[in-house]
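Going by this note's numbering, 700 is the number at position 81 of the sequence shown; the sequence numbering is gapless. We treat Cβ as the ideally placed atom computed from N, Cα and C, and that holds for glycine. Values in this document were obtained by computation on a predicted structure and should not be read as measured data. As structure tokens, the structure follows; a few thoughts come after it.
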Amino acid sequence: MQLKRVILLLTTSACILVWGEALDGIDPLSVNRQSLKGASVYFIQPQDGQVFETGEPIVVQFGLRGMGVAPAGVATPGTGHHHLLINQKTLPDLSKPIPAGKDIIHFGGGQTETQLTLAPGKHKLQMVLGNQYHLPHIPPLISDHVTIVVY
């Protein structure tokens, strides 16, 4: 067990060093952050006010107008990937990479659809588009809220 921990620690350290060297001379806060004029993100599904039964899969489809979708790590101007915020009272700090967690889901593979199963109650969904480093674009592309109910 101890050997596994040492190997994991060494592997993680090596990845951090390699990633750090790959970014030498690059300011990730300034790379590919410009959003295109007129671009917007929106929900195709679900609709605001839509009601779901407990246990029913909630299909979430992401819409993007005026820009393209690209996986995280792909440095193509005019592209980004979706981040789904669930029940967030405030937006994350838009000057930093969008954090990940159970209520902030990254779709770094360039996905445009997912399925959720949520507990009974009212839920607020919102999207933020991020660049290859999970940084919001400038100006940020943030969807309107969609509120759904699970009963």
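Residue nearest to residue i in terms of C-alpha spacing, selected from the options
i      : options                        : result
Thr736 : His701, Val670, Val688         : Val670
Leu683 : Ala691, Thr698, Ser714, Gly674 : Thr698
Ile767 : His756, Pro739, Pro759         : Pro739
Pro718 : Pro759, Gly749, Asp763, Glu672 : Gly749
Val660 : Ile677, Glu732, Met746         : Met746
Asn651 : Gly687, Gln664, Ala694         : Ala694
Leu703 : Ile724, Gly687, Glu732, Thr731 : Ile724
Lys656 : Pro665, Asp667, Gly687         : Gly687
Gly692 : Glu732, Gln734, Gly727         : Gly727
Glu732 : Gln653, Gly720, Gln664         : Gln664
Asp722 : Pro711, Gln730, Gly729, Gln707 : Gln707
Expected contact under 8 Å - CB spacing of residue i and residue j to nearest Å
i      : j      : result
Phe681 : Val765 : Going by Cβ atoms, the distance from Phe681 to Val765 rounds to 11 Å, so no, they are not a contact pair.
His742 : Ile705 : 6 Å
Leu744 : Ala658 : In fact, because the Cβ distance is near 20 Å, the residues do not count as touching under 8 Å.
Thr673 : Val769 : 6 Å
His700 : Pro690 : 6 Å
Outcome for residue i when other beta-carbon atoms lying within 10 angstroms are tallied against a minimum of 16
i      : result
Pro696 : exposed
Gly685 : exposed
Gln751 : buried
Glu640 : No answer about Glu640 holds up, because its pLDDT of 41 lies below 50 and its placement is not dependable.
Ser762 : buried
Pro755 : buried
Ser714 : exposed
Val678 : exposed
Pro758 : exposed
Pro676 : exposed
Leu642 : Legend: pLDDT at Leu642 = 46, less than 50; position of this residue unreliable, no value from coordinates given.
Beta-bridge partners of residue i, as assigned by DSSP
i      : result
Leu567 : With the chain covering only 620 through 770, there is no way to say anything about residue 567.
Gly727 : According to DSSP, which records beta bridges pairwise, Gly727 is partnered with nothing at all.
Thr733 : Val679
Lys743 : Thr766
Pro758 : Bridge partners of Pro758: none, in fact.
Segments assigned beta strand (DSSP E), at least 3 residues, entirely inside the stretch 654-719
Within the stretch 654-719, the runs of beta strand (DSSP E) at least 3 residues long that lie entirely inside it are, in chain order, 659-664, 677-684, 698-705.
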